[in-house]
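Let me begin by presenting the structure, written as structure tokens, before commenting on it.
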Amino acid sequence: MNNEISLTELSFISDIAVMERREDGAFQIIGTAPPWLDRFFPKISLKRQDGISYDDSPFLDQFICDAEAFWDAGVGKKMKSGAWIETDEAENEFPFEATAVLSGKRKLLLIEAAHYSYEEKQQIIQTGRELALAYHRLEQTEAELKKAKQAAEHASHAKSEFLASLSHELRTPLNAISGYTQILINHPSVTQFQSERLNIIRKSTEHILYLINDILDLARIEAGRLEIERAEFHLRNFLKDISEMFEVQAEQKKIEFVYHIPMHLPKIVIGDETRLRQVLINLLGNAIKFTDKGCVMLNAEYRNGRACFEVSDTGAGISADELEKIFSPFYQAGYYPKMTEGTGLGLSISKKLTQMMGGELTVQSNMGHGSVFRVGLELPAANGETDEPDTEALKKQPPDKLIPPSPEELSILINLVQLGDIKTIRQRTEALFQQDKQLIPFATELIDLVKEFQMSKIRVFLNAFNPSPSPPRNREG
841 MNNEISLTEL SFISDIAVME RREDGAFQII GTAPPWLDRF FPKISLKRQD
891 GISYDDSPFL DQFICDAEAF WDAGVGKKMK SGAWIETDEA ENEFPFEATA
941 VLSGKRKLLL IEAAHYSYEE KQQIIQTGRE LALAYHRLEQ TEAELKKAKQ
991 AAEHASHAKS EFLASLSHEL RTPLNAISGY TQILINHPSV TQFQSERLNI
1041 IRKSTEHILY LINDILDLAR IEAGRLEIER AEFHLRNFLK DISEMFEVQA
1091 EQKKIEFVYH IPMHLPKIVI GDETRLRQVL INLLGNAIKF TDKGCVMLNA
1141 EYRNGRACFE VSDTGAGISA DELEKIFSPF YQAGYYPKMT EGTGLGLSIS
1191 KKLTQMMGGE LTVQSNMGHG SVFRVGLELP AANGETDEPD TEALKKQPPD
1241 KLIPPSPEEL SILINLVQLG DIKTIRQRTE ALFQQDKQLI PFATELIDLV
1291 KEFQMSKIRV FLNAFNPSPS PPRNREG
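So this is what it looks like as structure tokens:
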């Protein structure tokens, strides 16, 4: 006797409905269906896999969903539902049990009428009513949550639209105020006293514009109106321009600013220059703002089409609790009194922009030990450029009639390069400006390389003045 016959006989001799789930998701009755099947489950044979509920039985509907997972997992032979109560059109109540069976590759559903004592039946009926009530309440709650979610999304979109419109309306007159204030400052008839007051107006206007730009950017991001562009731009010039901008700010605070632009960076890359500039300016601006002594460093790396920009500082650092919240909109770190000068949007916007560009923004920090922010994203090189440094171009750079320092000083500088002591190299290079005016062109060239943290370029530059350069040594440690 084969399996098909045994299943048919099972449905005939017992009070069980035996069904097989077909490949199309429908259930096919095997053998003779019990008389109660059409009374309590009139649409069970139409039940499909697509998730449509026919409202015959919420309990059975959920069990079939669980059975689908059971069949797909292929672990175990059967899974039982436990007893539940169904009601027909005449309001008659009857207990049932369902079993999901996996027989080889066949997926079977068995529904049987449960036979209990009067007390057991009453208990099942009561439990069934409670479950039905709970299910009804759950459906109501789900509908209310969906409605509330839709209302919240609509309100959020309306808020973003309003902020975008308001920010635009505010920026137009503020730009005019800033422009005319600058014109008045430059007017020859303006006194020193008037110029100082006009500068206060100009700076206050620029500060408001900065805050509005942050709000506008956030509103555009949330409203889905900010688009990321992909165009070619000169990566090295891009980094150098940003570095020179913050070098001035660092000098005003009497802190050191060092930037490292490796030789292997491709000249031209493809990405959104404007948004990347916005992210790095925000990170560097924060680093300088919250660093009162020590240094701020911008480091760039590039491998296999992926760029990593690292902004580090020797500032106060960020506590572990603050690190979890620092990228939240409008959040202002409590330990930074200066944070109250802004909106608390800068890092949140930077995070969102980096993600929109397909990258990630991370931070590492400890209180009292500074912070390190890293931006990693894909910036494909244009024109088939590689990551290899252009050493031949470096070797062709002539000294251009520069007068070097004494052989002793030159030897000291070369040794410092071999040791990788960039700090001492910078100190000795700055001292050259005070020694002899003839050394200023040489010192100027060298200090530019030092600021870029280009040890290979520094070595090539110094060896150009050394008649018998010694072979370079690897730095230990």
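Using our numbering, you'd call the opening residue of the sequence shown number 841 and step up by one each time. Ideal Cβ placement from N, Cα and C applies to all residues, glycine included. From a predicted model like this one, the values you see are computed outputs, not experimental measurements.
Nonlocal neighbours in the same chain, by C-beta distance under 6 angstroms from residue i, ignoring five residues either side
i: residue 880; result: 926 and 928
i: residue 923; result: 935, 937, 954 and 964
i: residue 1139; result: 1100 and 1150
i: residue 1281; result: 1242
i: residue 899; result: 924
i: residue 893; result: Note that residue 893 scores a pLDDT of 43, beneath 50, so its modelled location is shaky; the value from the coordinates is reported in the next line. Within the same chain, residue 893 has close Cβ partners 901.
i: residue 1286; result: 1269
i: residue 1266; result: 1290
Residues of its chain near residue i, where Cβ-Cβ distance is below 7 angstroms and the 5 sequence neighbours each way are ignored
i: residue 1074; result: 1107 and 1108
i: residue 1135; result: 1095, 1096, 1097, 1098 and 1154
i: residue 912; result: none
i: residue 1306; result: 1250 and 1254
i: residue 1190; result: 1119, 1122, 1123 and 1201
Beta-carbon proximity of residue i to residue j, cut-off 7 angstroms
i: residue 1199; j: residue 1216; result: yes
i: residue 1210; j: residue 1161; result: no
i: residue 882; j: residue 855; result: no
i: residue 1164; j: residue 1214; result: no
i: residue 1147; j: residue 1193; result: no
i: residue 1157; j: residue 1125; result: no
i: residue 1035; j: residue 1025; result: yes
i: residue 940; j: residue 988; result: no
i: residue 1128; j: residue 1092; result: no
i: residue 1060; j: residue 1051; result: no
Residues that residue i bridges to, as DSSP identifies them
i: residue 1199; result: Paired residue(s): none; residue 1199 is not in a bridge.
i: residue 1282; result: Partner(s): none; residue 1282 has no beta bridge.
i: residue 1148; result: 1141 and 1216
i: residue 858; result: 870 and 950
i: residue 1097; result: 1136
i: residue 927; result: 933
i: residue 985; result: Its beta-bridge partners do not exist; DSSP assigns none.
For residue j and residue i, believed in contact at Cβ under 8 angstroms, the rounded distance
i: residue 948; j: residue 860; result: 6 angstroms
i: residue 1001; j: residue 1063; result: 6 angstroms
i: residue 1040; j: residue 1014; result: The pair is not a contact, with the Cβ atoms about 15 angstroms apart (cut-off 8 angstroms).
i: residue 936; j: residue 909; result: The pair is not a contact, with the Cβ atoms about 21 angstroms apart (cut-off 8 angstroms).
i: residue 1205; j: residue 1188; result: So it is not a contact: roughly 17 angstroms between Cβ atoms.
i: residue 950; j: residue 858; result: 6 angstroms
i: residue 1221; j: residue 1145; result: 7 angstroms
Coarse secondary structure for residue i, derived from DSSP in three states
i: residue 935; result: strand
i: residue 1027; result: coil
i: residue 1153; result: strand
i: residue 1262; result: helix
i: residue 1209; result: coil
i: residue 844; result: Note that residue 844 scores a pLDDT of 47, beneath 50, so its modelled location is shaky; the value from the coordinates is reported in the next line. Residue 844: helix per DSSP, three-state reduction.
i: residue 1257; result: helix
i: residue 1296; result: helix
i: residue 916; result: coil
i: residue 1178; result: For residue 1178, the predicted structure reports a pLDDT of 45, less than 50, and the residue's modelled location is therefore unreliable. A value from the coordinates is still provided. If DSSP states are grouped into helix, strand and coil, residue 1178 belongs with the helices.
CB contact check: residue i to chain C, cutoff 7 angstroms
i: residue 936; result: Considering every chain present, this structure includes no chain C. It has just one protein chain.
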